[in-house]
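Structure first, then comments.
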Amino acid sequence: MSNKATGISDKPTGSGRASSSSIELRLPSRLGYEKVAMNTAASVARLMGFSDERVDDLKTAVAEACINAMEHGNKLDEALSVGVILSMDANSLEVKVTDNGDGPQSKTDAPDIDKKMMGEEEARGMGMFLIQALVDEAEWVSDPPEGSYARMVIHLDHPHV
Amino acid sequence: MPELVTRVTVEELPAPSADPITVMRFSGDITSASQPAVMGTYEGLPDSVKRILLDFSKVEYLNSSGIALVIQMMIAASKKGQKINSFGLSPHFKKVFTMVGITKYTALHEDEASACAGF
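So the protein sequences, as listed, match chains A and B.
Residue numbers in the first sequence follow our numbering, run continuously in steps of one, and reach 524 at the last position.
Residue numbers in the second sequence follow our numbering, run continuously in steps of one, and reach 148 at the last position.
So this is what it looks like as structure tokens:
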């Protein structure tokens with residue numbers, strides 16, 4: 364994997380993207396509903412011509428971002444919704460997943476399976492790592508009091524390895 | 030859109046000259062809600078079980094919480110000296126399992142026959 368933009372920031376970047384079209388969803392903070400966002404993102408990516416492999420990568424990344432937003436951002440408060448904004452242009456698909464939280468609590472480091480097996484690291488906590496590994500650009504932005512968002516981008520012309 | 034129920038069926042494959050192979054066949058979703066189905070089923074296996082085969086071929090959706098359950102099961106199996114092989118994962122989830130390092134503790138096979146032969 365190379366030429367990937369990743370990061371955690373307290374300043375919005377990448378918003379205001381000039382897109383030719385966009386789709387917005389609002390999901391309840393209820394586990395299972397991430398599949399609505401996952402399948403919508405997959406449909407859009409297929410329409411744009413992404414390969415099955417990239418579509419699968421995006422599905423997992425979007426699902427994990429939504430789960431993080433529901434669990435950690437909105438604390439599974441079903442009165443709070445998770446926003447999903449898909450923005451398409453000729454060569455890329457951007458997905459922003461918004462919540463009401465303060466930003467990511469976990470980390471993007473690769474999981475250490477040996478530490479997990481020894482009980483020195485929680486078995487969970489792989490979502491942000493997977494997001495970063497599966498898309499071309501990933502960032503997490505904390506923007507209080509507005510909330511926070513995860514932003515993911517896949518490029519049509521990017522030879523993802 | 031509720032999560033699909035996780036179903037686990039257990040089957041024992043006799044092996045003439047070795048320990049039998051216990052197959053756990055998963056279907057539906059494997060997520061954080063699958064703890065009772067996954068770990069409950071595993072913990073219900075007799076301690077005499079030495080070889081466990083995980084069949085993911087009917088799994089429709091697997092997320093990082095579900096992968097964490099698989100890791101929990103591997104931790105418990107490791108403590109009991111049990112060996113785990115797996116098959117039926119899509120190419121995408123083979124990649125994901127490899128990314129998180131699970132392949133160090135379970136071999137991922139193409140099909141049931143090769144997974145059984147791999148013990």
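Cβ coordinates follow ideal geometry from the N, Cα and C atoms, glycine included.
Under the three-state reduction of DSSP, which class applies to residue i: helix, strand or coil?
i: D84/B; result: strand
i: T132/B; result: helix
i: V516/A; result: strand
i: A501/A; result: strand
i: P75/B; result: coil
i: E509/A; result: coil
i: N402/A; result: helix
i: K109/B; result: coil
i: E89/B; result: strand
i: G57/B; result: strand
i: F148/B; result: coil
Is the beta carbon of residue i sitting closer than 8 angstroms to the one on residue j?
i: T21/B; j: G95/B; result: The question about residue 21/B has no answer, for chain B in this structure spans 30 to 148.
i: V129/B; j: I476/A; result: yes
i: L421/A; j: I517/A; result: yes
i: V504/A; j: A424/A; result: no
i: S63/B; j: L493/A; result: no
i: Y90/B; j: L137/B; result: no
Return the chain-ordered list of same chain residues with a C-beta closer than 6 angstroms to the C-beta of residue i, the five sequence neighbours on each side being excluded.
i: V37/B; result: M53, F55, A66, T70
i: E427/A; result: G490, L493, I494
Measuring alpha carbon to alpha carbon, tell me which of the options ends up nearest residue i.
i: D465/A; options: M491/A, S511/A, A496/A, L421/A; result: S511/A
i: M515/A; options: K438/A, Q495/A, V445/A; result: Q495/A
i: L77/B; options: F148/B, G110/B, F122/B, G147/B; result: Here residue 77/B is Ser; the residue named in the question, Leu, does not match the sequence. Nearest option by C-alpha distance: G110/B.
i: I113/B; options: V34/B, N92/B, P45/B, P49/B; result: P49/B
i: A144/B; options: E89/B, P120/B, L83/B, M68/B; result: L83/B
i: M489/A; options: L388/A, I430/A, D520/A, L456/A; result: I430/A
i: A105/B; options: P508/A, I448/A, L410/A, A486/A; result: A486/A
i: P467/A; options: S384/A, E483/A, A432/A; result: A432/A
i: A97/B; options: A408/A, R409/A, E484/A, D419/A; result: E484/A
Under 7 angstroms Cβ to Cβ from residue i, same chain only, skipping five residues before and after it: list those, please.
i: S378/A; result: Unreliable placement is indicated for S378/A, whose pLDDT of 47 sits below 50; no coordinate value is reported for it.
Assuming residue i and residue j are in contact, meaning their beta carbons sit under 8 angstroms apart, how far apart are those beta carbons, in whole angstroms?
i: N437/A; j: V445/A; result: 6 angstroms
i: V458/A; j: A404/A; result: 6 angstroms
i: M480/A; j: M103/B; result: 7 angstroms
i: I386/A; j: L456/A; result: That pair is no contact at about 10 angstroms.
Keeping to the same chain, check which residues put their C-beta closer than 8 angstroms to that of residue i; ignore five residues upstream and five downstream.
i: L439/A; result: S392, R393, L394, M433
i: D520/A; result: N454
i: P45/B; result: none
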